[in-house]
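Data first, discussion second: the structure below is written as structure tokens.
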Amino acid sequence: MIFAIEPALLSGQFTKQYERTARPRLPSMPLTRALGPMAVVALHDGDGTFFQPREEAFPQVSDELWARADERDPGAVTADGQWLLRFRCFAVRHGDRVTLVDAGIGPADSLAASWAPVPGRLPQELAAAGIDPADVDTVVLSHLHTDHIGWAVIGTPYFPNATYLVQRADVAAFARPALEDRLFAPLKATGQLRLVEGDVPISAGVTAIATPGHTPGHQSVLVEYGEQQLLITGDLLVHAVQLIAPDIPYLHEMDPETARNSRTKLLKPDIILATPHLTEPFVRA
Ligand SMILES: [Zn+2]
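Taking the working numbering, the leading residue of the sequence shown gets 710, the next gets one more, and so forth.
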């Protein structure tokens, strides 16, 4: 079931809508969306079913709304009605810089191993996109749930030249020994952790935007070129049901009301969304 998705993703199905990176000798071709001179590359770390029934994860969804959501994202439900989700990161190439948004589920012994389909394959995806970990100069962690920090630190920071941007409110909310030992301490030791508050410009056209609610310090990354806007959402939305009905809460949002406000504010008609968990990496709001 899990691997059956890959041929569809990599076949011609998306070529009309999405450009690909031009690196023909490599086996995998990560899907890419261009905005002027910038490119946003989807990096697929893994996929698997959710650990609880989707009706529990989204208790307010009616049968009719589930039917509409399944029509919008048919790849997100298994034949027996489980939620099948992707775990994805995004790289933004801008000039000679590379910004990575989120760090996936991680290797076999990652903090996400208790529930996520580890090991992830971000290293191979980065190689297929022609990105060396040393090329990444900024890592934006949308939030500190374990499926978004998996490759951030593997003993030492996996991206040795990157500044890691984390919202101060999330560091406070996730002040736990496991995260201190395996994420914060190694990043502090190398001087790579940058705690931020609110919106943070990364470069011309690339901005980390505070989108609290899912977690207190949740952030997304807005990429803008002329009139075009692409939002790398993080978990601002986690399922197509929140795309068609942005007011629908998700059980694991720490502050559902704030999450709803963040979501409804940013899901504007013409914006392209780059999401970690929906079947397609790029969707219209
Ligand atoms: Zn997530």
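All C-beta atoms in this analysis are idealised placements derived from N, C-alpha and C, irrespective of residue type, glycine included. Treat the numbers as computed from the prediction; the structure is a model and nothing was measured.
If you compare alpha carbons, which of the options is closest to residue i?
{"i": "threonine 924", "options": "Pro895, Phe893, Ala968", "result": "Ala968"}
{"i": "isoleucine 840", "options": "Val807, His852, His927, Gly943", "result": "Val807"}
{"i": "aspartate 782", "options": "Gln833, Leu987, Arg993, Ala994", "result": "Leu987"}
{"i": "serine 912", "options": "Ala919, Pro739, Met747", "result": "Met747"}
{"i": "leucine 965", "options": "Val750, Phe767, Val909, Ile858", "result": "One detail in the question is off: residue 965 reads as proline in this sequence, not leucine. Here the closest residue by C-alpha is Phe767."}
{"i": "valine 810", "options": "Val880, Ser929, Arg891, Glu834", "result": "Ser929"}
{"i": "valine 827", "options": "Ala837, Pro816, Glu906, Glu834", "result": "Pro816"}
{"i": "leucine 835", "options": "Cys798, Ile941, His857", "result": "Cys798"}
{"i": "valine 992", "options": "Val947, Met963, Thr855", "result": "Val947"}
{"i": "threonine 872", "options": "Val786, Asp805, Val845", "result": "Val845"}
{"i": "proline 832", "options": "Ser823, Asp818, Thr855, Phe868", "result": "Phe868"}
{"i": "leucine 794", "options": "His753, Val932, Gly745", "result": "His753"}
{"i": "valine 801", "options": "Asn970, Ala743, Tyr959", "result": "Ala743"}
{"i": "histidine 803", "options": "Trp860, Asp779, Ser771, Gly745", "result": "Gly745"}
{"i": "leucine 976", "options": "Thr787, Ser823, Leu940, His857", "result": "Leu940"}
{"i": "isoleucine 858", "options": "Ala837, Leu888, Pro842, Asn870", "result": "Leu888"}
{"i": "glutamine 901", "options": "Trp824, Pro866, Arg972", "result": "Pro866"}
What residue range does the alpha helix (DSSP H) around residue i cover?
{"i": "alanine 971", "result": "The identity of residue 971 in the sequence shown is serine, whereas the question assumes alanine. Residues 965-975."}
{"i": "proline 832", "result": "831-837"}
{"i": "glutamine 951", "result": "950-953"}
{"i": "leucine 945", "result": "Element bounds for leucine 945: n/a, residue is neither H nor E."}
{"i": "leucine 896", "result": "894-898"}
{"i": "leucine 902", "result": "No alpha helix (DSSP H) holds leucine 902; the beta strand (DSSP E) holding it covers 902-905."}
{"i": "alanine 821", "result": "Neither: alanine 821 is in no alpha helix (DSSP H) and is coded neither H nor E."}
{"i": "leucine 960", "result": "Unbroken run through leucine 960: none, as it is neither H nor E."}
{"i": "glutamate 889", "result": "Premise fails: glutamate 889 is in no alpha helix (DSSP H) and is neither H nor E."}
{"i": "alanine 766", "result": "763-766"}
Could you tell me which residues DSSP pairs with residue i in its beta bridges?
{"i": "tryptophan 792", "result": "Val786"}
{"i": "proline 866", "result": "Val862"}
{"i": "glycine 755", "result": "Phe796"}
{"i": "valine 845", "result": "Val807"}
{"i": "isoleucine 981", "result": "Leu939, Arg993"}
{"i": "valine 801", "result": "Val749, Thr808"}
{"i": "valine 997", "result": "Residue 997 lies beyond the stretch modelled for the chain, which goes from 710 to 994, so this question has no answer here."}
I'd like the span of the beta strand (DSSP E) that includes residue i, first residue to last.
{"i": "arginine 806", "result": "806-810"}
{"i": "valine 932", "result": "928-934"}
{"i": "alanine 917", "result": "915-919"}
{"i": "leucine 740", "result": "740-744"}
{"i": "valine 875", "result": "872-876"}
field: Neighbouring residues (CB closer than 7 Å to any heavy atom of ligand 1)
entry: Taking every residue with its beta carbon within less than 7 Å of a heavy atom belonging to ligand 1 gives, in chain order, His854, Asp856, His857, Asp944, Val947, Pro985, His986.
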